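For what it's worth, the working numbering labels the leading residue of the sequence shown as 256, then goes sequentially.
These notes are about the structure you will find just below.
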Amino acid sequence: MANKETISLWQLFILMLIFEMGSATVVGIGGEAKQNVWIAISLAGLIGVGYIYLLHFMLGRKKGYNLFALIEFCLGKWLGGAISFLYIIYFIYISSRVLRDFGELIVSTIFIFTPIEIISITIMLTIIYMLNSGIEVMARTSEIFFPYVFSFTFLVGIFILLSGEIQFENIRPILGGGIKPIFQAIIPGLLTFPFGELIAFAVVLPLVTKYNKAKGFAAGSIILSTLVLVYSSVIQVLTLGHEMKDRSNFPLLSAAREISLLDFIERVDIVVVFVVMFGIIVKIGVFFFGAIKGLEHISNRKYRSYLIPVGSIICLSSIIITDNFAEHIEEGLQIVPYFVHLPFQFALPLVLLVIVLIRTRRKSGRKGSDINWES
256 MANKETISLW QLFILMLIFE MGSATVVGIG GEAKQNVWIA ISLAGLIGVG
306 YIYLLHFMLG RKKGYNLFAL IEFCLGKWLG GAISFLYIIY FIYISSRVLR
356 DFGELIVSTI FIFTPIEIIS ITIMLTIIYM LNSGIEVMAR TSEIFFPYVF
406 SFTFLVGIFI LLSGEIQFEN IRPILGGGIK PIFQAIIPGL LTFPFGELIA
456 FAVVLPLVTK YNKAKGFAAG SIILSTLVLV YSSVIQVLTL GHEMKDRSNF
506 PLLSAAREIS LLDFIERVDI VVVFVVMFGI IVKIGVFFFG AIKGLEHISN
556 RKYRSYLIPV GSIICLSSII ITDNFAEHIE EGLQIVPYFV HLPFQFALPL
606 VLLVIVLIRT RRKSGRKGSD INWES
């Protein structure tokens with residue numbers, strides 16, 4: 256299978272980093288760990304590195320195969336087609352949830368009197384335009400905006416520190432409740448969001464120009480994104496305390512509103528919104544790309560023909576998915592991790608890994624495996 260579209264190793268690194276930062280930097284994650292959320296995120300990040308290694312190894316068994324091609328190879332045309340369709344629905348559903356997150360953030364902070372439908376349509380049109388030019392355009396755009404996204408995230412913490420809003424006692428005691436809350440935060444919460452969502456890159460990884468080196472760049476990206484998430488969470492806890500952090504829908508935004516420096520630097524929440532906005536565009540874009548590449552595989556039609564139909568479905572679904580934001584959050588915490596994320600992020604990939612190992616080992620003999628390949 257030849258891939259006309261390609262992205263470089265550096266573009267993969269940045270794309271994955273911004274994808275992982277996405278909405279995870281601004282929403283509250285790992286609340287079960289309370290003030291020790293930084294420990295939970297660090298451990299979950301290590302699992303995330305192992306997870307991307309597993310995906311890289313699994314895809315490497317069949318040269319050039321993405322997730323959907325691998326599913327068909329392992330399960331056959333009909334069963335594989337059914338499972339592929341379920342993954343397409345999954346990617347569309349997660350795209351809708353992420354779009355709803357951003358819409359709620361915007362209408363509750365900046366455009367208070369703007370209908371959420373307008374926000375969703377605007378973002379979706381932007382993503383459709385980018386993907387119509389190819390995934391490499393999204394990757395190049397990420398290269399351009401990466402310094403700003405990374406710098407702004409860092410500066411928010413510096414401004415909060417200089418404003419004197421940091422309370423170091425908020426992060427103590429360390430492991431005061433033992434290790435149980437840490438693992439409660441990791442499984443399934445942090446395991447599935449944001450690290451398990453890397454399953455979407457099972458469609459992107461085969462497009463990397465030097466696949467055998469992609470593993471190291473991907474691992475480095477996850478490690479750096481973990482550090483950014485730790486930094487963001489620590490800032491939230493130090494500023495708000497873990498109780499207020501857990502009650503806030505957007506704790507980093509709440510923390511940023513505490514900034515008042517020299518009566519000049521104030522209301523920097525717009526900076527947080529910018530960081531989230533581009534992260535959301537990348538995150539939806541990768542899931543969206545995965546969905547339409549799946550449709551391309553099972554229908555043998557170019558994925559660009561599905562941009563507007565699938566984009567419309569994502570946009571509409573983001574609005575009707577729940578009646579209100581409180582219900583949206585509850586669904587995301589109580590239902591999605593157990594009944595949606597775990598099967599598609601871990602159960603099915605593990606089944607595929609076992610099958611592909613058996614089938615490729617049986618066929619390889621003395622011909623060698625396809626693990627080490629360059630293009």
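The beta-carbon is built from N, C-alpha and C at its ideal position, and this holds for glycine as well.
As the structure is a computational prediction, the values presented were derived from the model and not from experiment.
DSSP places L430 in the coil class of the three-state scheme, outside both helix and strand. Going by DSSP, F400 is part of the alpha helix (DSSP H) stretching over I390 to L417. With a minimum length of 3 residues, there is no unbroken run of beta strand (DSSP E) contained wholly in the stretch 300 to 334.
Apart from sequence neighbours up to five positions away, the residues of its chain that approach G540 with a beta-carbon distance below 7 Å are I382, M385, L386 and M393, ordered along the chain.
Around the beta carbon of G419, fewer than 16 other beta carbons sit within 10 angstroms, so the residue counts as exposed.
Around the beta carbon of S406, a 10 Å sphere encloses fewer than 16 other beta carbons of the protein chains shown; the residue is thus reported as exposed.
The three-state reading of DSSP puts E513 in coil, since its state is none of H, G, I, E or B. Around the beta carbon of F456, 16 or more other beta carbons sit within 10 angstroms, so the residue counts as buried.
The criterion of a C-beta distance shorter than 8 Å is not satisfied by A279 and L453. With a 10 Å radius around the Cβ and a threshold of 16 neighbouring Cβ atoms, T481 comes out buried. CA-CA distance, H583 to S573, rounds to 10 Å. Take the alpha-carbon of E551 and the one of W333: they are about 16 Å apart. For A602, no alpha helix (DSSP H) run applies, since DSSP gives it neither H nor E. L608 and D356 have their C-alpha atoms some 32 Å from each other.
Looking only at N467, S560 and S397, the smallest Cα-Cα distance to G319 is reached by N467. If you compare the alpha carbons of V523, Y558, I613 and A546 with that of I413, the shortest gap goes to V523. The beta carbon of Y558 sits closer than 7 Å to the beta carbons of I547, K548, L550 and E551 from its chain, once the five residues preceding and following it are set aside; these are given in chain order. Collapsing the DSSP output to three states places I262 in a strand. A residue is called buried when at least 16 other Cβ atoms come within 10 angstroms of its Cβ; A511 meets this threshold and is buried. The beta carbon of F533 sits closer than 6 Å to those of F400 and V404, all from its chain and outside the five residues before and after it, given in chain order. Ranked by Cα distance from L446, the first of Q422, Q266, L603 and V304 is V304. Here the C-alpha atom of G336 lies approximately 34 Å from the C-alpha atom of F580. Look at V281 here: in three-state DSSP terms it is coil, with no helix or strand label. Annotation for R502: the continuous alpha helix (DSSP H) segment containing it runs H497 to R502. Looking from the CA of K289, the closest CA among V489, S560 and I575 belongs to V489.
Taking 8 Å as the cut-off, the beta carbon of L493 is found closer than this to the beta carbon of N425. Nearest neighbour of V527 by Cα position, chosen from G285, I326, L360 and E287, turns out to be L360. Distance between S476 and Y308, taken at the CA atoms: about 12 Å.
Within a 10 Å sphere around the beta-carbon of K435 sit fewer than 16 other beta-carbons, which makes this residue exposed. Note on geometry: alpha-carbon atoms of L495 and L272 lie some 26 Å from one another.
Secondary structure at V595: helix, using DSSP grouped into helix, strand and coil. Rounded to the nearest whole angstrom, the CA to CA distance from F323 to C329 is 10 Å. Cβ-Cβ distances below 8 Å link F346 to A455, F542, F543, G545, A546 and G549 in the same chain, with the five nearest sequence neighbours on each side left out; the list follows chain order. Spatial neighbours of P461 in its own chain (CB-CB distance under 7 Å, excluding positions within 5 residues in sequence) are listed in chain order as N258, L314, G319, Y320 and N321.
Excluding sequence positions up to five before and after L264, its CB lies within less than 8 Å of the CB of V463, T464, K465, K468, A469 and F472, all in the same chain and listed in chain order. The beta carbons of A474 and V292 sit no closer together than 8 Å.
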